[in-house]
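For the sequence shown, my numbering assigns the number 41 to the initial residue and increments by one for each residue that follows.
Backbone N, C-alpha and C define an ideal beta-carbon position, used for all residues, glycine too.
In this text, all values refer to a predicted model and were calculated from it rather than measured experimentally.
I have placed the structure first, in the form of structure tokens, so that the comments after it can refer back to it.
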Amino acid sequence: MQEEVRDKSVVFVINVGKNGGRMTASLLKWAMRQYMEQSRNPHIHHGRQTVKQLVRQGAGVQNIEITDRNIKSFEHIARKYGVDYALKKDPSEGKYLVFFKAKDTDALNAAFAEYTAKTLKRDKSKPSLLARLTHFKEIVKSQSRDAEKHRQKGGIEL
């Protein structure tokens with residue numbers, strides 16, 4: 041019987057100001073209401089989280105492998121689409137496993153479509169900085185500098 045009473049008992053801790061306060065019926069009612077709301081709606085994490093937090097939410101969990109090349113850009117797009125996900129690094133292969141809830145499948149497909157389009161666009165549109173630098177060095181070398189010195193004018197004329 042003692043265990044049943046202990047399991048059903050609740051302890052309320054109410055912080056009051058410097059002057060102290062009295063436990064009134066309205067204050068007790070407010071504390072009970074806060075406790076009931078908290079017990080009904082446990083805090084659900086959104087966005088990036090641990091695998092354990094994702095599994096606790098009760099939805100089926102699926103995973104996809106991605107490379108570690110552009111994890112940050114993937115995280116940005118996943119936050120944009122509101123996908124709840126967890127990243128787990130596979131040390132043997134150097135790849136990441138992205139775990140997500142089964143009900144987020146459509147949102148994750150849209151996020152991956154945007155992610156792949158963004159990475160392909162980045163690869164095609166911009167040459168590397170080093171390649172651009174070598175290109176401009178060759179242009180400068182190919183330009184011949186014709187400098188003649190004229191004593192009358194006092195300087196170098198191009």
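Residues bridged to residue i (per DSSP)
{"i": "Arg-62", "result": "In the DSSP output, where bridge partners are listed per residue, Arg-62 has none listed."}
{"i": "Lys-112", "result": "Answer is none; Lys-112 lacks a bridge partner."}
{"i": "Asp-130", "result": "Lys-135"}
{"i": "Phe-140", "result": "Gln-102, Tyr-125"}
{"i": "Arg-162", "result": "Looking at the DSSP assignment, Arg-162 forms no beta bridge with any residue, so it has no partner."}
{"i": "Thr-90", "result": "According to DSSP, which records beta bridges pairwise, Thr-90 is partnered with nothing at all."}
{"i": "Thr-174", "result": "Thr-174 is not bridged to any residue."}
Buried versus exposed call for residue i [16 or more other C-beta atoms within 10 Å across all chains shown]
{"i": "Ile-117", "result": "buried"}
{"i": "Tyr-75", "result": "exposed"}
{"i": "Phe-176", "result": "exposed"}
{"i": "Ala-151", "result": "buried"}
Pick from the options that is closest to residue i, judged by C-alpha positions
{"i": "Asp-124", "options": "Pro-131, Val-138, Ile-111", "result": "Val-138"}
{"i": "Ala-153", "options": "Tyr-121, Arg-96, Arg-88, Tyr-75", "result": "Tyr-121"}
{"i": "Phe-140", "options": "Thr-159, Gln-93, Asn-55, Ile-179", "result": "Gln-93"}
{"i": "Gly-134", "options": "Ile-106, Ala-150, Arg-119, Trp-70", "result": "Ile-106"}
{"i": "Asn-149", "options": "Gln-183, Ser-182, Gln-102", "result": "Gln-102"}
Pair within 8 Å by beta-carbon distance, residue i and residue j
{"i": "Lys-129", "j": "Tyr-136", "result": "yes"}
{"i": "Thr-90", "j": "Ala-126", "result": "yes"}
{"i": "Ser-113", "j": "Lys-166", "result": "no"}
{"i": "Ala-71", "j": "Ile-54", "result": "yes"}
Close-in-space but distant-in-sequence residues of the same chain around residue i (CB under 8 Å, 5 per side omitted)
{"i": "Arg-286", "result": "Since the first residue shown for the chain is 41 and the last is 198, residue 286 is missing from the structure and cannot be characterised."}
{"i": "Leu-160", "result": "none"}
Chain-order list of residues whose beta-carbon lies under 6 Å from that of residue i (same chain, five-residue window excluded)
{"i": "Ala-171", "result": "none"}
{"i": "Leu-173", "result": "none"}
Any non-hydrogen atom of the ligand NAP closer than 7 Å to residue i Cβ
{"i": "Met-72", "result": "Of the ligands one can find in the structure shown there are none, so the ligand NAP has no counterpart to examine."}
Contacts around residue i, its chain only, beta-carbon distance under 7 Å, and the 5 residues preceding and following it disregarded
{"i": "Ile-84", "result": "Gln-97"}
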